[in-house]
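Below is one structure; the comments refer to it alone.
Protein chains in written order, with the numbering used here: chain A, 118 to 311; chain B, 118 to 311.
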């Protein structure tokens, strides 16, 4: 699915449903990180007009999702707290170190590829949540988010191709997808989005 | 104006109009920093529900402004580049070091107070630009941004009062406003928003 090389381990959905409040709190911070990452890319790479336009749109959409998750946290009476570590994102970023392509926009290519993979993995897990989340309203909401993450995956992949050329971008994304698969298989199953 | 203790030096508007492209490019990065700062505050202090709601709205609005400034940069054929140093914001943040109030949310109080002062100073300068910017369309646009910055000033000030109590928040804002005035009088006049 969307270039991912391994499905989410079978036990993840049970871990998620065992503490759905924790999943929502992690989801809240995932949306914030996505908004923050989109904004940071616009600031660092404003010489790409399509990137500026599309990633500032993306950041605004992620902030709308932040508010939706926050509404759900409030309905459930959950007091949010600052984020803990994000082992998945840390491992993924670390996996690029040492062989970032040496082209002019190699660092941008890696950031966009990581962005694409995170969106793809979220999308794949929201596909499970749109079937199994505990209420009808939540299942409908995850169906919307699923579609949004799929769009975002395609956006990051196409921005990577624009910045680094189609051949190099596809090659690098496939290479990082292998590392992403190893990370997903290695990390413990926990009630969080990633 | 809005708690500021010194007006912008008389020569600033001439410096700004002498290189309006540079002002726009700085403005682009100011809006991005404001969006990024709002998002970061939501992530760090999600235990304040009103802060989450209002600052995620603020970040979305700032991202809309990012797109508006970017449209104007494109109309003028200006190729944007990553931000340089921001001596005003750096000096302002540095000015809080050493005597941040020791209450539970002292660090938050300082971040919100700095936010309020930056919005107030932008507002004051947009009041000059809404009179003197080079085209009618730009003057109308700065009039809108002027109103928006004034709202944001009041929002930051009220969130500070909510987090730290009215008395402490007002006292700290007045203290930091003194330091802000010194910084504004000390910095060279350049074609930038701050």
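All C-beta atoms in this analysis are idealised placements derived from N, C-alpha and C, irrespective of residue type, glycine included.
Close beta carbons around residue i, own chain, < 7 Å, minus the five adjacent residues each side
{"i": "residue 224 of chain A", "result": "217"}
{"i": "residue 306 of chain B", "result": "126, 128, 129 and 132"}
{"i": "residue 274 of chain A", "result": "233 and 290"}
{"i": "residue 154 of chain A", "result": "232"}
{"i": "residue 309 of chain B", "result": "139, 140 and 143"}
{"i": "residue 180 of chain A", "result": "152"}
{"i": "residue 269 of chain A", "result": "175 and 236"}
{"i": "residue 67 of chain B", "result": "With chain B running from 118 to 311 in the structure shown, residue 67 of chain B is simply not present."}
{"i": "residue 202 of chain B", "result": "none"}
Backbone secondary structure at residue i - three-state DSSP
{"i": "residue 247 of chain B", "result": "helix"}
{"i": "residue 150 of chain A", "result": "helix"}
{"i": "residue 167 of chain B", "result": "helix"}
{"i": "residue 219 of chain B", "result": "coil"}
{"i": "residue 259 of chain B", "result": "helix"}
{"i": "residue 307 of chain A", "result": "coil"}
{"i": "residue 156 of chain B", "result": "helix"}
{"i": "residue 72 of chain B", "result": "The shown model of chain B, from 118 to 311, leaves out residue 72 of chain B, and the question about it has no answer."}
{"i": "residue 144 of chain B", "result": "helix"}
{"i": "residue 206 of chain B", "result": "helix"}
{"i": "residue 232 of chain B", "result": "helix"}
{"i": "residue 195 of chain A", "result": "coil"}
{"i": "residue 292 of chain A", "result": "helix"}
{"i": "residue 214 of chain B", "result": "coil"}
{"i": "residue 133 of chain B", "result": "helix"}
{"i": "residue 347 of chain B", "result": "The requested residue 347 of chain B is not part of the displayed model; chain B covers only 118 to 311."}
{"i": "residue 127 of chain B", "result": "coil"}
{"i": "residue 276 of chain B", "result": "helix"}
{"i": "residue 119 of chain B", "result": "coil"}
Contact set for residue i: own chain, Cβ-Cβ below 8 Å, skip 5 residues either direction
{"i": "residue 159 of chain A", "result": "168, 169, 172, 173 and 176"}
{"i": "residue 142 of chain B", "result": "190, 195, 197 and 198"}
{"i": "residue 281 of chain B", "result": "218, 220, 222, 223, 225, 226 and 289"}
{"i": "residue 278 of chain A", "result": "286 and 287"}
{"i": "residue 251 of chain A", "result": "134 and 137"}
{"i": "residue 148 of chain B", "result": "179, 180, 182, 183 and 186"}
{"i": "residue 163 of chain B", "result": "169"}
{"i": "residue 302 of chain B", "result": "123 and 126"}
Residues near residue i by beta carbon distance below 6 Å, same chain, minus five either side
{"i": "residue 212 of chain B", "result": "296"}
{"i": "residue 230 of chain B", "result": "277, 289, 290 and 293"}
{"i": "residue 200 of chain A", "result": "146"}
Segment contact flag, the segment 124 to 142 of chain A with the segment 184 to 192 of chain A, C-beta cutoff 8 Å, min 3 pairs: In this structure the segment 124 to 142 of chain A lies against the segment 184 to 192 of chain A, because at least three pairs of beta carbons, one per stretch, are closer than 8 Å.
Within 8 Å, do at least three Cβ pairs link the segment 261 to 281 of chain A to the segment 241 to 251 of chain A? The segment 261 to 281 of chain A and the segment 241 to 251 of chain A touch, with three or more beta-carbon pairs separated by less than 8 Å.
On the three-pair Cβ rule with 8 Å, is the segment 282 to 301 of chain A touching the segment 197 to 215 of chain A? The answer is yes - the segment 197 to 215 of chain A touches the segment 282 to 301 of chain A, with three or more Cβ pairs under 8 Å.
Please confirm if the segment 119 to 133 of chain B is in contact with the segment 230 to 245 of chain B, defined as three or more CB-CB distances below 8 Å between the two stretches. Output reads yes: the segment 230 to 245 of chain B touches the segment 119 to 133 of chain B.
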